[in-house]
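>
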């Protein structure tokens with residue numbers, strides 16, 4: 010299946026329906042389960058496939074937890090089973106079986122969980138027995154690995170007999186996602202303390218509460234990109250977003266301010282307004298928001314803005330090797346992406362093609378990051394159904410902006 014987006018060179022005006030935050034939804038589901046709460050008390054849950062997979066597995070508690078391609082679900086449920094597991098197996102797609110989980114497993118084994126690798130050491134599938142006797146209440150773990158490992162450990166910390174102190178031994182990447190986890194834990198009645206490089210959570214009991222999930226700032230980023238490539242005077246409204254969001258991807262507002270999009274906050278909505286572009290080169294640190302990188306690279310390429318970027322290391326172990334995928338697909342529109350000692354450089358195109366076909370590599374963010382090219386050219390997106398992982402209604406929302414999509 011392919012989606013062919015016809016070039017749309019008119020102004021954009023409209024209100025977009027965002028998915029709820031997948032990151033917040035998945036954390037709330039795990040914490041709610043640890044609290045013994047009812048899923049019905051979590052309002053505005055994301056319809057993303059990852060979240061619905063998490064919800065279903067927590068409700069059914071099967072002998073085999075098949076997370077499909079959901080990395081967050083894999084990591085959070087691995088920690089959850091270290092509290093409740095009785096020898097269940099957790100597995101996923103072939104790609105998931107090649108995404109590392111060793112640092113999390115090592116930490117859980119140190120705490121006292123019995124975890125067996127069923128195929129390849131360091132990778133799923135796993136067989137997990139819960140912690141019967143806690144062996145230690147101190148864990149040291151690098152801060153520059155996936156924040157999902159750290160969040161997974163934090164969420165089970167109050168359920169441990171002696172609590173947990175996590176020492177982060179290196180520079181911290183994706184810190185806002187750790188802060189989101191701690192904020193949600195507080196919402197469910199658990200105290201925590203973060204001083205310096207140490208996070209402490211004592212043994213406590215989660216309290217079931219009603220909680221409403223915020224709109225998804227990651228999903229919002231694609232509409233910022235559309236507007237950045239639209240004519241001046243274009244406007245888009247994004248409801249259900251908070252100015253004080255704990256989502257790291259709220260950084261898109263400040264990044265896109267440099268790429269021609271003004272953000273105006275209201276009580277429960279964000280208004281995006283196209284403004285003149287006055288930048289030709291930007292330096293961006295993506296350590297706290299790596300999921301924004303693909304979207305920003307596409308916008309910058311079309312706008313003729315050179316980028317110097319750091320913090321892209323984790324992109325190599327996502328749904329695909331996003332660095333390699335971006336190098337290939339950006340080259341189709343005349344851009345080059347190179348790396349030198351941890352600094353990534355994007356050199357934009359001097360001349361854009363009239364049309365392009367984009368491979369998606371089984372990666373939802375590849376499809377959505379390149380869709381805004383339709384403001385400047387005809388775009389064919391291969392396997393557009395990958396968006397179901399995080400934003401099932403994405404293509405319907407594109408159509409709401411009067412962009413023509415031909416399904417083939």
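Numbering (this note's numbering), first residue to last: 10 to 417.
Ideal Cβ positions, reconstructed from N, Cα and C, are used throughout, including at glycine.
(1) Go ahead and pull the three-state DSSP assignment for residue 249.
(2) Using alpha carbons as the reference points, say which of 194, 327, 334 and 186 lies closest to residue 108.
(3) Kindly indicate which three-state DSSP category residue 274 falls into: helix, strand or coil?
(4) Can you tell which of 291, 309 and 223 has the C-alpha that lies nearest to the C-alpha of residue 277?
(5) The alpha helix (DSSP H) with residue 407 in it runs from where to where?
(6) For residue 190, does the three-state DSSP call read helix, strand or coil?
(7) Could you pull the DSSP bridge partners for residue 14 from this structure?
(8) Taking the CB atoms as reference points, tell me whether residue 17 and residue 414 lie closer together than 8 Å.
(9) How many Å lie between residue 138 and residue 117 at the Cα?
(10) Considering just the uninterrupted stretch of the alpha helix (DSSP H) at residue 117, what are its terminal residues?
(11) Which of the three DSSP states is assigned to residue 222 in this structure?
(12) DSSP puts residue 318 in a beta bridge; with which residues?
(13) Are residue 225 and residue 410 closer than 8 Å when you measure CB to CB?
(14) Let's test the definition: count the other Cβ atoms within 10 Å of the Cβ of residue 214 and tell me whether it reaches 16, buried, or not, exposed.
(15) Quick one: Cα of residue 154 to Cα of residue 10, how far?
(16) Do the region 226 to 233 and the region 187 to 207 meet, that is, are 3 or more Cβ pairs less than 8 Å apart?
(17) Between the beta-carbon of residue 35 and the beta-carbon of residue 85, is there less than 8 Å?
(18) Where DSSP assigns a beta bridge to residue 23, which residues make up the other side?
(19) How about residue 101 and residue 75: do their beta carbons lie closer than 8 Å?
(20) For the 8 Å Cβ check, are there 3 or more pairs between the region 195 to 214 and the region 123 to 139?
(21) Give me the Cα-Cα distance between residue 163 and residue 174, rounded to the nearest whole angstrom.
(22) If we ignore side chains and look at the alpha-carbon of each, how far apart do residue 334 and residue 39 end up?
(23) Evaluate residue 274 with the Cβ neighbour count: other Cβ atoms within 10 Å of its Cβ, from every protein chain shown; 16 or more gives buried, anything less gives exposed.
(24) From what residue to what residue does the alpha helix (DSSP H) around residue 376 run?
(25) Between residue 151 and residue 99, is the Cβ-Cβ spacing less than 8 Å?
(26) In this structure, how does DSSP classify residue 138 when only helix, strand and coil are distinguished?
(27) Going along the chain, which residues of its own chain have a beta-carbon closer than 8 Å to the beta-carbon of residue 207, five neighbours each way excluded?
(28) Identify the continuous alpha helix (DSSP H) that holds residue 149 and give its terminal residues.
(29) For residue 143, which residues from the same chain have a beta carbon less than 7 Å from its beta carbon, with the 5 sequence-adjacent residues on both sides left out?
Let me lay it out:
(1) coil
(2) 327
(3) strand
(4) 223
(5) 403 to 409
(6) helix
(7) 388 and 414
(8) no
(9) 11 Å
(10) 111 to 120
(11) coil
(12) 293 and 353
(13) no
(14) exposed
(15) 35 Å
(16) no
(17) yes
(18) 245
(19) yes
(20) no
(21) 9 Å
(22) 32 Å
(23) exposed
(24) 373 to 379
(25) no
(26) strand
(27) 174, 175, 176 and 177
(28) Segment 147 to 150 is the beta strand (DSSP E) holding residue 149; no alpha helix (DSSP H) there.
(29) 120, 121, 169, 170 and 171
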